[in-house]
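A.B. asks: Residue numbers (numbering that gives the first Met the number 0), protein chains in the order written: chain P, 0 to 162; chain S, 0 to 406. Here a beta-carbon is modelled for each residue, glycine too, at the ideal position from N, C-alpha and C. No experiment lies behind these values; they were computed from the predicted model shown.
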Amino acid sequence: MDSLVKRILQLLQENSRLPKEAIADMLGVSRNEVAAAVDQLEKNGIIVGYSAVINWEKAGYDQVTAMIDVKVTPQRDAGFDAIAERIYRFPEVKSVYLMSGAYDLSVVVEGRTMKEVARFVAEKLSTLEHVVSTTTHFILKKYKQDGVIFDDREGDQRLVITP
Amino acid sequence: MKSIRDRLSPVVRAIPPSGIRRFFDLAAGTEGVISLGVGEPDFVTPWRFRDACVDALERGYTTYTSNRGLPALRRAVSDYLERRFGVSYHPDTEILVTVGASEGIDVALRAVLSPGDEVLIPEPCYVSYGPCVQLAGGVPVYVPTRAEDRFKLRADTLERFITPKTKVLLLSYPNNPTGATLTRQDLEQIRSIVLKHDLLVITDEIYAELSYVTPHCSFASLPNMRDRTVLLTGMSKAYAMTGWRVGFACGPKDWISAMVKIHQYTILCAPIMSQMAAVEALTKGDRERDHMVSVYEERRRLVVSAFRQMGLSCHEPEGAFYAFPSIRSTGIPDDVFAEELLKRAKVAVVPGRVFGPGGEGHIRCSYATSVDQLLTAFERIQSFLDRLDEVREHRLARVESGQIGNR
Numbered sequence: 000m001d002s003l004v005k006r007i008l009q010l011l012q013e014n015s016r017l018p019k020e021a022i023a024d025m026l027g028v029s030r031n032e033v034a035a036a037v038d039q040l041e042k043n044g045i046i047v048g049y050s051a052v053i054n055w056e057k058a059g060y061d062q063v064t065a066m067i068d069v070k071v072t073p074q075r076d077a078g079f080d081a082i083a084e085r086i087y088r089f090p091e092v093k094s095v096y097l098m099s100g101a102y103d104l105s106v107v108v109e110g111r112t113m114k115e116v117a118r119f120v121a122e123k124l125s126t127l128e129h130v131v132s133t134t135t136h137f138i139l140k141k142y143k144q145d146g147v148i149f150d151d152r153e154g155d156q157r158l159v160i161t162p
Numbered sequence: 000m001k002s003i004r005d006r007l008s009p010v011v012r013a014i015p016p017s018g019i020r021r022f023f024d025l026a027a028g029t030e031g032v033i034s035l036g037v038g039e040p041d042f043v044t045p046w047r048f049r050d051a052c053v054d055a056l057e058r059g060y061t062t063y064t065s066n067r068g069l070p071a072l073r074r075a076v077s078d079y080l081e082r083r084f085g086v087s088y089h090p091d092t093e094i095l096v097t098v099g100a101s102e103g104i105d106v107a108l109r110a111v112l113s114p115g116d117e118v119l120i121p122e123p124c125y126v127s128y129g130p131c132v133q134l135a136g137g138v139p140v141y142v143p144t145r146a147e148d149r150f151k152l153r154a155d156t157l158e159r160f161i162t163p164k165t166k167v168l169l170l171s172y173p174n175n176p177t178g179a180t181l182t183r184q185d186l187e188q189i190r191s192i193v194l195k196h197d198l199l200v201i202t203d204e205i206y207a208e209l210s211y212v213t214p215h216c217s218f219a220s221l222p223n224m225r226d227r228t229v230l231l232t233g234m235s236k237a238y239a240m241t242g243w244r245v246g247f248a249c250g251p252k253d254w255i256s257a258m259v260k261i262h263q264y265t266i267l268c269a270p271i272m273s274q275m276a277a278v279e280a281l282t283k284g285d286r287e288r289d290h291m292v293s294v295y296e297e298r299r300r301l302v303v304s305a306f307r308q309m310g311l312s313c314h315e316p317e318g319a320f321y322a323f324p325s326i327r328s329t330g331i332p333d334d335v336f337a338e339e340l341l342k343r344a345k346v347a348v349v350p351g352r353v354f355g356p357g358g359e360g361h362i363r364c365s366y367a368t369s370v371d372q373l374l375t376a377f378e379r380i381q382s383f384l385d386r387l388d389e390v391r392e393h394r395l396a397r398v399e400s401g402q403i404g405n406r
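1) Output yes or no for whether 7 Å exceeds the beta carbon distance between Thr368 (chain S) and Leu80 (chain S).
2) DSSP three-state label for Tyr102 (chain P), please.
3) State whether the stretch 113-120 of chain P contacts the stretch 58-75 of chain P, with contact taken as three or more CB pairs (one from each stretch) at a distance under 8 Å.
4) Taking the CB atoms as reference points, tell me whether Asp334 (chain S) and Pro350 (chain S) lie closer together than 7 Å.
5) With a 10 Å radius around its C-beta and 16 neighbouring C-beta atoms as the bar for buried, classify Met0 (chain S) as buried or exposed.
6) Counting only the same chain and skipping the five closest in sequence on each side, list residues whose C-beta sits under 7 Å from that of Ala257 (chain S).
7) Can the beta-carbon of Tyr141 (chain S) be found closer than 7 Å to that of Ile120 (chain S)?
8) Considering just the uninterrupted stretch of the alpha helix (DSSP H) at Thr375 (chain S), what are its terminal residues?
9) Count the other C-beta atoms from every protein chain shown that fall within 10 angstroms of the C-beta of His393 (chain S), then say buried if there are 16 or more, exposed otherwise.
10) Taking only beta-carbon positions, decide if Arg74 (chain S) is within less than 7 Å of chain P.
11) Rounded to whole angstroms, what is the Cα-Cα separation between Val147 (chain P) and Val52 (chain P)?
12) Mapping DSSP to helix, strand and coil, what is Tyr321 (chain S)?
13) Identify each residue in the stretch 365-384 of chain S for which the Cβ-Cβ distance to at least one residue of chain P is less than 8 Å, and report them in chain order.
14) Return the residues of the stretch 308-335 of chain S that lie within a Cβ-Cβ distance of less than 7 Å from chain P, sorted by chain order.
15) Flag Glu153 (chain P) as yes if its beta-carbon sits less than 7 Å from any beta-carbon of chain S, otherwise no.
16) Do Gly85 (chain S) and Ser407 (chain S) count as a contact pair if the criterion is CB distance below 7 Å?
17) When burial is assigned at 16 or more other CB atoms within 10 Å of the CB, is Gln156 (chain P) buried or exposed?
18) Identify which residue in S:Val212, S:Gly129, S:Leu231, S:Val294 has its Cα closest to the Cα of Asp41 (chain S).
19) Let me know if Val11 (chain S) comes out buried or exposed under the rule of 16 or more other beta-carbons within 10 Å of its beta-carbon.
20) If I follow the unbroken alpha helix (DSSP H) through His262 (chain S), where does it start and stop?
21) For Thr232 (chain S) versus Gly318 (chain S), is the C-beta distance shorter than 7 Å?
22) Evaluate Pro173 (chain S) with the Cβ neighbour count: other Cβ atoms within 10 Å of its Cβ, from every protein chain shown; 16 or more gives buried, anything less gives exposed.
23) Runs of 4 residues minimum, wholly inside the stretch 71-132 of chain S: which ones carry the alpha helix (DSSP H) assignment?
24) Taking the alpha helix (DSSP H) that Val53 (chain S) falls in, what are its first and last residues?
25) For Pro16 (chain S), which option in S:Val353, S:Ile380, S:Gln372 has the closest C-alpha, if you only look at C-alpha atoms?
26) Have a look at Val390 (chain S) and Leu134 (chain S) and give me their C-alpha separation to the nearest angstrom.
27) Expressed to the nearest angstrom, what Euclidean distance is found between the alpha-carbon atoms of Asp24 (chain S) and Glu187 (chain S)?
28) Give a yes or no on whether the minimum CB-CB distance between Arg157 (chain P) and chain S is below 7 Å.
29) Alpha carbon to alpha carbon, how far is Glu128 (chain P) from Lys141 (chain P)?
30) Any C-beta of chain P within less than 7 Å: which residues of the stretch 149-172 of chain S qualify?
31) Quick one: which chain S residues come within Cβ less than 8 Å of Ala117 (chain P)?
32) Using 10 angstroms around the beta-carbon of Met113 (chain P), count the other beta-carbons present and answer buried if the total reaches 16, otherwise exposed.
33) Note down, in chain order, every chain P residue with its Cβ under 9 Å from the Cβ of Asp41 (chain S).
34) How many Å lie between Ile255 (chain S) and Leu7 (chain S) at the Cα?
35) Can you tell me the Cα-Cα spacing of Ser127 (chain S) and Asp203 (chain S), whole angstroms?
36) Got a sec: which bits of the stretch 1-27 of chain S sit with their beta carbon under 7 Å from any beta carbon on chain P, in order along the chain?
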């Protein structure tokens, strides 16, 4: 991938609201060039969506996130992909990663209560064919997510005018 | 009792009050200001360097160091300058760790100036040079640089200001506030003047790493210049370590030894924990530094393009992190412009005249500010420019009613 496209992606990942005009000026290329590149990235499914990073706890909504280690039996031909798909189709599931190490899939599940998440694991996840075992870890507090520190105490300490 | 004021040193009394001070009070007293007036990075010191300081404290590094600075740091500085700028200094005899490059300016001048010695200072320039020369008993002689030359120092202009009393040339490129840089060819021409008149040179290259168009060329790297030059640099700008107060003075051993003499009796040494963090930064911080530099570079393009779109003439600043657009076309003096911009649009910039008469008609805008803040600042400046007639009428009314007199 050329370095221009890579930098556009990095800038948008940091702040997807950054105007294309600003990106063009920053990178020293034309606005059309940036617009065309972003368009292509969206069409190719490289930019898959735009979203906000939200500190739900601070917003006052009760929400529970669990990270679940899942051991599965890989299937002939499909490997882990088929079982991963059966898991990630559930809307409760926010992320699914294939892992190296002690277990196979790392599944992030969100729910309103611990009970709700537990029920999902017991009823949907662990009952899937090929799932051998699950270990559920509930997240107690989020400090940093997607590179963003929640409640960052580091403000701008500089004086307003310095020589 | 005779008043203290009457008993103050005439040298100190002769130093004019800082032009920035009044403006600072004004800006600090206004709510919701976006400041483009800050002369330091908006990045907090990278965690890796801070962690090295925390570690130093935990291990009990709370003592004095040798006057010249930690040997490990002087070795790191020596390696760094060789690697980045091709200038070599012996860590034992030719490097002094100072409390910021600021201290370096002071002691380098004090080590060589006798009363009445003249120091050539290209202006617009950083506000400390002149006062430091005065405090050292010297006479600052300002050499103008012009917007038409993108504020590069011209050798022919420089030579016109040389007198039998001229002792030192003080260079500062990349330049604060203009962002001007000098190429090797530009420096070659200055070098020949320096040789012809046998001048000493102090070159403040604190912004060396922030050179965006051509790689930085150190004046000390020119043939035979090293032996008559003190090179000043430090951690503040490129490593986002302003508050740590760590700078370096490098030069011929006799000059550095004289500086050590002053430094040992006035400062003793730079703080050890800061020096420890500096070792980490210089030896392992290239990645952090390069990241910050590339971010400044993007913002630089953004800022220049924004001012030009607003119809202001803005030369391309090739270094540091300042744009220095001209606001002459508005017909409003830069100090009035800055004050009204602050009051009406809540954007703080620094009027160019603060940096010398050559800065009149310009405003210094730092792009050591996040892109979000910059974009909001541009919107505010644009709408301020759209309503300039109101500003003119308002100021005119004030002049007629005698509210503003001698400024």
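C.D. replies: If we stick to the structure as given:
1) No, the Cβ-Cβ distance between Thr368 (chain S) and Leu80 (chain S) is not below 7 Å.
2) Note: Tyr102 (chain P) maps to coil in three-state DSSP.
3) Contact between the stretch 113-120 of chain P and the stretch 58-75 of chain P is present, with at least three C-beta pairs closer than 8 Å.
4) Pro350 (chain S) sits close to Asp334 (chain S), with the two beta carbons spaced by under 7 Å.
5) Under a 10 Å Cβ-count criterion, Met0 (chain S) is classified as exposed, with fewer than 16 other Cβ atoms of the shown protein chains found around its own Cβ.
6) Excluding its 5 nearest sequence neighbours in each direction, Ala257 (chain S) has C-beta neighbours in its own chain below 7 Å: Ala110, listed in chain order.
7) Cβ atoms of Tyr141 (chain S) and Ile120 (chain S): closer than 7 Å.
8) Going by DSSP, Thr375 (chain S) is part of the alpha helix (DSSP H) stretching over 370-385.
9) That one is exposed.
10) Chain P, which has no Cβ nearer than 7 Å to the Cβ of Arg74 (chain S), makes this no.
11) One alpha carbon belongs to Val147 (chain P), the other to Val52 (chain P), and they sit about 8 Å apart.
12) DSSP places Tyr321 (chain S) in strand when its eight states are reduced to three.
13) Shown in chain order are the members of the stretch 365-384 of chain S whose Cβ falls below 8 Å from a Cβ of chain P: Val370, Asp371, Leu374.
14) Residues of the stretch 308-335 of chain S with a C-beta less than 7 Å from any C-beta of chain P: none at all.
15) Interface annotation, Glu153 (chain P): in contact with chain S, CB-CB separation under 7 Å.
16) Because chain S spans 0 through 406 in this model, residue 407 (chain S) falls outside it and cannot be assessed.
17) By the 10 Å Cβ count, Gln156 (chain P) comes out exposed.
18) The shortest Cα separation from Asp41 (chain S) among S:Val212, S:Gly129, S:Leu231, S:Val294 belongs to S:Val294.
19) Burial is judged here by how many other beta carbons sit within 10 angstroms of a residue's own beta carbon; Val11 (chain S) has fewer than 16 and is exposed.
20) Note, His262 (chain S): alpha helix (DSSP H), 252-265.
21) Going by C-beta atoms, Thr232 (chain S) is not nearer than 7 Å to Gly318 (chain S).
22) Pro173 (chain S) is classed as buried because its beta carbon has at least 16 other beta carbons within 10 Å across all chains shown.
23) Qualifying alpha helix (DSSP H) stretches, in chain order: 99-111.
24) Run containing Val53 (chain S): 46-57, per the alpha helix (DSSP H) assignment.
25) It is S:Val353.
26) Between the alpha carbons of Val390 (chain S) and Leu134 (chain S) lies a distance of about 40 Å.
27) When rounded, the distance between both Cα atoms is 42 Å.
28) Using a Cβ-Cβ cut-off of 7 Å, Arg157 (chain P) counts as an interface residue toward chain S, since at least one Cβ of chain S sits closer than that to its own.
29) The alpha-carbon atoms of Glu128 (chain P) and Lys141 (chain P) are separated by roughly 32 Å.
30) Only those residues of the stretch 149-172 of chain S whose C-beta falls short of 7 Å from the nearest C-beta of chain P would be listed, and there are none.
31) The premise fails here: Ala117 (chain P) is roughly 37 Å from chain S at the closest Cβ pair, so nothing lies under 8 Å.
32) So Met113 (chain P) counts as exposed.
33) Simply Asp155, Arg157.
34) Put simply, the backbone Cα of Ile255 (chain S) is about 31 Å away from that of Leu7 (chain S).
35) Linking Ser127 (chain S) to Asp203 (chain S) through their CA atoms gives a straight-line distance of about 12 Å.
36) Result list: Ile19, Phe22, Phe23, Ala26, Ala27.
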